[in-house]
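Mapping of the sequence shown onto the working numbering: residues 263 to 452, in sequence order. Virtual Cβ for every residue (Gly too), placed ideally from N, Cα, C. Taking it in order: structure first as structure tokens, then the write-up.
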Amino acid sequence: MARSKEFEVNEVLDKAIHLFWAQGYEKTSMQDLVEFMGIHRRSIYDTFGDKHALFMKALERYETKQTSKMRFLIEKQEPIKELIRELFEATVRNEGEPLGCFLVNSGVELGVLDPEVASLVDESYSRTEELLTNLVLKGQQSGEFKADLDPVVISHYLMNAWLGLRTLVKTTTDQQKLKNIIDMTLTALD
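Structure representation (structure tokens):
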């Protein structure tokens with residue numbers, strides 16, 4: 263008779279996200295994962311595959327969770343500029359998670375070395391840029407943003423600024439500096 267799993271897959275996957283996010287892929291050993299996830303090595307291999315397969319599943323879960331958070335935020339009935347501000351501000355708040363962004367960290371660490379990671383990161387960035395483009399269009403339609411802005415170009419600019427923030431939070435604790443960057447970035451929409 264086969265043994266049933268004695269753990270909830272998403273709970274241990276969230277632990278893997280946290281560890282990979284904090285340490286990076288290369289610095290995280292299988293033994294680290296065994297200890298941090300609280301399951302046997304064999305269970306990791308049987309459930310997720312090797313370290314790379316586990317990493318990809320963790321990255322996919324993180325991306326799905328982040329997309330859900332963004333969509334939930336965007337469904338609020340607020341001025342578009344305030345929604346974009348909230349997206350940016352959520353990046354600089356550390357709510358018990360490692361600093362920065364797991365997706366950005368992974369792209370920086372492995373993007374040029376691992377085509378699978380590069381593809382996942384690129385697809386995620388493209389979806390976010392599309393979401394930002396739609397927000398800019400909505401802001402233009404409501405008269406909140408200048409009509410002469412190119413929504414695609416401004417979404418690339420906003421995405422670049424957002425990625426910069428997601429990196430900068432790892433090296434600074436100066437909240438005023440981060441707020442100033444957000445404020446200045448959003449002036450491009452005026």
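{"Asked": "Same chain, Cβ closer than 8 Å to L335, five either side skipped, listed in chain order", "Found": "L345, E348, L349, A352"}
{"Asked": "Residues of its chain near F317, where Cβ-Cβ distance is below 7 Å and the 5 sequence neighbours each way are ignored", "Found": "F282, Y287"}
{"Asked": "Residue from L394, L427, D276 with nearest C-alpha to D412", "Found": "L394"}
{"Asked": "N-terminal and C-terminal residue of the alpha helix (DSSP H) that Y324 is part of", "Found": "313 to 336"}
{"Asked": "Pick from F269, K313, Q328 that is closest to K289, judged by C-alpha positions", "Found": "K313"}
{"Asked": "Under the three-state DSSP convention, the category G373 falls into", "Found": "coil"}
{"Asked": "Assigned secondary structure, H449 (DSSP; H/G/I helix, E/B strand, else coil)", "Found": "Contrary to the premise, residue 449 reads as Thr rather than His in this sequence. Helix, per DSSP."}
{"Asked": "As assigned by DSSP and simplified to three states, the class of R389", "Found": "helix"}
{"Asked": "Close Cβ partners of V414 (< 6 Å) along its chain, the five nearest in sequence each way excluded", "Found": "T395"}
{"Asked": "C-alpha distance - Q402 paired with D376, whole-angstrom precision", "Found": "39 Å"}
{"Asked": "Inter-residue spacing [alpha-carbon to alpha-carbon] between D445 and S386", "Found": "25 Å"}
{"Asked": "Cβ neighbour criterion (16 or more within 10 Å) applied to N367", "Found": "buried"}
{"Asked": "Cut-off 6 Å between Cβ atoms - residues of its own chain near L440, not counting five sequence neighbours on either side", "Found": "V354"}
{"Asked": "Cα-Cα separation, E273 to T390", "Found": "26 Å"}
{"Asked": "8 Å Cβ cutoff met for V271 and T309", "Found": "yes"}
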